[in-house]
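**Q** Before I ask anything, let me first share the structure, which is written out below as structure tokens.
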Amino acid sequence: MTRPVTLLLAALLLAVPLSLLAGRVWLDPFSGLSYNALIILTELRLPRAILAVVLGAGLGAAGAAMQGYLRNPLADPGLFGIAPGAALGAVLSFWTGWAASGWALPLFALVGAAGAMALLGLIAGRTGSVMLFTLAGMMIASLAGALMSLAISLSPTPFAMSEIVTWLMGALTDRSWHEVVFAVPLTCAGIALLMLAGRALDALTLGEAAARSLGVDPARLQWLMIGGVGLTVGAGVAAAGIIGFVGLIVPHLLRRYTDRRPSSLILPSALAGGLLLLLADCLCRVLPLASELRLGIALSLLGAPFFLALLLRMRRGLA
Amino acid sequence: MTLGAHDLTLAGRLSDVSLSLCAGEVTAICGPNGAGKSSLLSCLAGILAPQSGKAVLDDRPLADLPPRDRARAIGYLPQQGEVAWDLSVESLAGLGRLPWDAGIEADRAAVEAALAALELDALRLRRASALSGGERARALLARVLAGEPRWLLADEPLANLDLAHQLALLARLRALAGQGAGVVLVMHDLAQVMNHADRVVVLDRGRVAADGPPETALSEAVIERVWKVSARWLGDAGQRALLV
Numbered sequence: 001m002t003r004p005v006t007l008l009l010a011a012l013l014l015a016v017p018l019s020l021l022a023g024r025v026w027l028d029p030f031s032g033l034s035y036n037a038l039i040i041l042t043e044l045r046l047p048r049a050i051l052a053v054v055l056g057a058g059l060g061a062a063g064a065a066m067q068g069y070l071r072n073p074l075a076d077p078g079l080f081g082i083a084p085g086a087a088l089g090a091v092l093s094f095w096t097g098w099a100a101s102g103w104a105l106p107l108f109a110l111v112g113a114a115g116a117m118a119l120l121g122l123i124a125g126r127t128g129s130v131m132l133f134t135l136a137g138m139m140i141a142s143l144a145g146a147l148m149s150l151a152i153s154l155s156p157t158p159f160a161m162s163e164i165v166t167w168l169m170g171a172l173t174d175r176s177w178h179e180v181v182f183a184v185p186l187t188c189a190g191i192a193l194l195m196l197a198g199r200a201l202d203a204l205t206l207g208e209a210a211a212r213s214l215g216v217d218p219a220r221l222q223w224l225m226i227g228g229v230g231l232t233v234g235a236g237v238a239a240a241g242i243i244g245f246v247g248l249i250v251p252h253l254l255r256r257y258t259d260r261r262p263s264s265l266i267l268p269s270a271l272a273g274g275l276l277l278l279l280a281d282c283l284c285r286v287l288p289l290a291s292e293l294r295l296g297i298a299l300s301l302l303g304a305p306f307f308l309a310l311l312l313r314m315r316r317g318l319a
Numbered sequence: 320m321t322l323g324a325h326d327l328t329l330a331g332r333l334s335d336v337s338l339s340l341c342a343g344e345v346t347a348i349c350g351p352n353g354a355g356k357s358s359l360l361s362c363l364a365g366i367l368a369p370q371s372g373k374a375v376l377d378d379r380p381l382a383d384l385p386p387r388d389r390a391r392a393i394g395y396l397p398q399q400g401e402v403a404w405d406l407s408v409e410s411l412a413g414l415g416r417l418p419w420d421a422g423i424e425a426d427r428a429a430v431e432a433a434l435a436a437l438e439l440d441a442l443r444l445r446r447a448s449a450l451s452g453g454e455r456a457r458a459l460l461a462r463v464l465a466g467e468p469r470w471l472l473a474d475e476p477l478a479n480l481d482l483a484h485q486l487a488l489l490a491r492l493r494a495l496a497g498q499g500a501g502v503v504l505v506m507h508d509l510a511q512v513m514n515h516a517d518r519v520v521v522l523d524r525g526r527v528a529a530d531g532p533p534e535t536a537l538s539e540a541v542i543e544r545v546w547k548v549s550a551r552w553l554g555d556a557g558q559r560a561l562l563v
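Those sequence lines, one after another, are chains U and F.
Under the working numbering, the first residue of the first sequence carries the number 1, and numbering increases by one thereafter.
Under the working numbering, the first residue of the second sequence carries the number 320, and numbering increases by one thereafter.
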């Protein structure tokens with residue numbers, strides 16, 4: 001086990017129990033837990049912590065794999081159009097009124113993600129071309145974004161519009177075991193697919209031609225990426241809405257502590273993504289605001305300056 | 320062991336190219352810009368599928384070989400020395416072991432041998448971004464050597480090397496051929512080709528214009544016909560210089 005992995009695991013083991021205590025109502029583990037406190041712990045905070053860690057892990061791993069696949073430190077899982085596809089599905093569930101019934105919202109979101117994945121596979125075909133794949137992803141993201149805007153503008157009621165806009169901000173507020181049940185296995189399966197792609201991503205460091213000469217099958221790699229990013233990002237959006245920047249920030253922060261091979265970055269990024277989302281969610285819970293800060297907004301507020309700093313550093317490097 | 324091409328055709332790049340290369344030889348592929356040298360090398364490496372015809376390894380079409388089997392047999396060094404992430408020289412060479420599942424010890428031994436062969440021991444921890452052009456070219460070649468291929472195909476491997484390192488590299492490749500590997504190089508320096516290659520394939524507008532030992536494939540007449548340059552060879556065998 002590498003040093004970053006050990007440190008991140010230790011940090012997670014420390015952060016998870018602490019996160020269970022933090023919130024509008026602080027729990028004191030030393031004075032015995034009341035029935036209400038136990039309910040808060042088991043029905044609200046524990047599933048929320050599990051979701052934060054797992055979804056963050058999925059986004060971190062997807063970001064590391066995406067950056068390896070596109071050979072670009074500015075790549076983000078959102079680039080493939082899968083997150084907008086999933087969000088479009090979720091928006092349609094609000095639009096049609098199905099969102100109110102149990103499984104419909106995540107199901108619609110997962111169908112949206114699957115639709116984006118299928119379209120991506122269909123357009124990119126068996127070429128394995130990274131450029132074609134990226135352009136197809138951007139087209140899907142743009143199309144899904146436009147359809148989402150259309151759905152919002154044609155909302156049947158102001159209430160539905162408000163629901164959609166609030167949901168799109170991304171949050172773990174009021175999430176329960178209901179979301180854990182589908183999001184955890186799907187995200188774990190996605191991370192496993194991304195880790196399977198590790199060796200091929202390493203080879204891609206040398207460019208597409210050299211990677212092919214090292215035995216990489218570009219079409220197989222493309223499917224692993226579609227499956228891995230689709231499952232992690234799709235499950236994330238289905239459970240929590242759109243949460244950006246984790247996939248961009250985390251791999252970038254950790255790269256210097258690895259030997260820089262994409263495969264060596266996936267696991268640390270998963271652990272750090274989980275840790276970041278857990279801490280950000282705790283911060284949202286404890287900030288003294290009239291209503292809880294949405295997680296998606298908090299991470300965007302954190303991520304945008306980070307992205308800018310990254311661009312400025314790149315500009316200095318080019319000067 | 321042979322690596323060959325049967326009627327390879329690639330629109331606008333190659334036209335009915337057939338040849339059979341032997342292991343244990345240093346073969347140079349030469350020709351003017353746009354003659355199809357890199358395309359031919361890519362087809363022989365199995366990473367570019369021809370529109371018609373086939374590349375074969377020991378009479379087996381490359382397209383029928385599992386990618387990893389092909390990768391273990393044929394090491395390919397592309398013209399563009401891309402390294403997307405700032406790997407250390409050691410990690411970079413280690414990428415050559417990706418097609419193998421030989422275990423950590425075997426991988427380490429192969430990487431060590433490749434680094435030693437290219438005099439990169441002292442630079443093993445240096446990052447790619449901190450390497451000079453020549454060091455980077457050697458590190459990329461070390462990646463190919465670490466894969467212990469039976470065939471080494473390199474597209475302009477001398478391009479970023481100073482004269483001393485060019486000669487050292489050619490000597491290393493000659494030694495590799497002496498150990499039974501096939502070495503196929505795309506080269507532009509005709510004097511280096513004349514002095515160091517066992518066999519020369521001259522391409523002109525996608526077709527084989529000459530194929531044979533350097534003395535005949537790179538005769539003054541061939542140079543005039545293919546490169547449209549009047550030139551004269553000076554000196555004795557092994558120490559030839561081209562007077563243009």
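Where a beta carbon is used, it is the ideal one built from N, C-alpha and C, also for glycine.
No experiment lies behind these values; they were computed from the predicted model shown.
With C-beta atoms as the reference, is U:V237 less than 9 Å away from U:G303?
**A** No. Outside cutoff.
**Q** Residues in the same chain with beta-carbon distance under 8 Å from U:A210, minus the five sequence neighbours each way, listed in chain order, please.
**A** Cβ within range, chain order: A203.
**Q** Determine the extent of the beta strand (DSSP E) in which F:V408 is found, giving its start and end residues.
**A** F:V408 -> not in any beta strand (DSSP E); alpha helix (DSSP H) instead, spanning V408 to G413.
**Q** For U:A113, collect the residues of the same chain with a Cβ closer than 6 Å to its Cβ; drop the 5 residues on either side in sequence, then sort them by chain order.
**A** Taken in chain order, the residues that qualify are I82, G85, A86, G230 and G234.
**Q** Can you have a look at F:S337 and say buried or exposed, based on whether 16 or more other CB atoms are within 10 angstroms of its CB?
**A** Exposed, because fewer than 16 other Cβ atoms sit within 10 Å of the Cβ of F:S337.
**Q** Please report the straight-line C-alpha distance between U:I226 and U:T2, rounded to a whole angstrom.
**A** Approximately 28 Å between the Cα atoms of the pair.
**Q** Consult DSSP for F:K373 and reduce its assignment to one of helix, strand or coil.
**A** In the structure shown, F:K373 sits in a strand (DSSP, three-state: E or B).
**Q** Please report how far the alpha carbon of F:G372 lies from the alpha carbon of U:G190, in whole angstroms.
**A** One C-alpha to the other measures close to 40 Å.
**Q** Does the stretch 167-174 of chain U come close enough to the stretch 390-407 of chain F to have 3 or more Cβ pairs within less than 8 Å?
**A** No, the stretch 167-174 of chain U is not in contact with the stretch 390-407 of chain F.
**Q** Between the stretch 379-389 of chain F and the stretch 525-537 of chain F, can you find at least three pairs of beta-carbon atoms closer than 8 Å?
**A** Flag = no, the stretch 525-537 of chain F and the stretch 379-389 of chain F do not touch.
**Q** Candidates U:R45, U:A61 and U:L46: which alpha carbon is nearest U:L196's?
**A** Closest option to U:L196, Cα to Cα, is U:A61.
**Q** Please list, in chain order, all residues of the same chain as U:A141 whose beta carbon is under 6 Å from its beta carbon, the five residues on each side excluded.
**A** The residues are G81 and P84.
**Q** Under three-state DSSP, which class holds U:I243?
**A** In this structure, U:I243 counts as coil in the three-state DSSP scheme.
**Q** Using the beta-carbon of each residue, which ones in chain U are nearer than 8 Å to F:I366?
**A** Within 8 Å Cβ-Cβ: A209, R212 and S213.
**Q** What whole-angstrom Cβ distance do U:L278 and U:V53 have, given they're in contact under 8 Å?
**A** Between U:V53 and U:L278 the Cβ distance is about 5 Å, and since that is below 8 Å, they are a contact.
**Q** For U:D202, return the contacting residues in chain F, with the cut-off set at a CB-CB distance below 7 Å.
**A** Near U:D202 (Cβ distances below 7 Å), the residues of chain F are L414 and L417.
**Q** Using DSSP with H/G/I as helix, E/B as strand and the rest coil, what is F:I393?
**A** Reduced to three states, the DSSP call for F:I393 is strand.
**Q** Expressed to the nearest angstrom, what Euclidean distance is found between the alpha-carbon atoms of U:P4 and F:A364?
**A** Taking the straight line joining both Cα atoms gives about 38 Å.
**Q** So, with DSSP's three-state summary, where would you put F:A449?
**A** Three-state DSSP puts F:A449 in a helix.
**Q** My assumption, with CB atoms under 8 Å, is that U:G228 sits in contact with U:G296. Please give the rounded CB distance.
**A** That pair is no contact at about 22 Å.
**Q** For U:G56, which of U:P73, U:V181 and U:A239 has the nearest alpha-carbon?
**A** Looking at the Cα atoms, U:A239 is the closest of the given residues.
**Q** Go ahead and label F:R457 buried or exposed: buried means 16 or more other beta carbons lie within 10 angstroms of its beta carbon, across all protein chains shown.
**A** The residue in question, F:R457, is buried, as its Cβ has 16 or more Cβ neighbours within 10 Å.
**Q** For chain F, find out if any of its Cβ atoms is closer than 9 Å to the Cβ of U:G68; answer yes or no.
**A** Yes - at least one Cβ of chain F is within 9 Å of the one on U:G68.
**Q** Just list the residues that DSSP pairs F:L504 with in beta bridges.
**A** Bridge partners of F:L504: F:A347 and F:A473.
**Q** Bridge partners for F:I323 per DSSP, in chain order?
**A** The sequence given here has Gly at residue 323 of chain F, not Ile. Per DSSP, F:S339 and F:V375.
**Q** Using only CA atoms, which one of U:F133, U:R199 and U:A104 lies nearest to U:A118?
**A** Taking only the C-alpha atoms, the option nearest U:A118 is U:F133.
**Q** With a threshold of 9 Å between beta-carbons, can F:Q370 be considered close to chain U, or not?
**A** No, no contact with chain U.
**Q** What first and last residue would you give for the beta strand (DSSP E) that runs through F:W552?
**A** Taken as a continuous stretch (DSSP letters only), the beta strand (DSSP E) holding F:W552 covers R551 to L553.
**Q** Taking the alpha-carbon of F:D378 as reference, which of F:N514, F:N479 and F:M320 has the nearest alpha-carbon?
**A** It is F:M320 whose Cα lies nearest to the Cα of F:D378.
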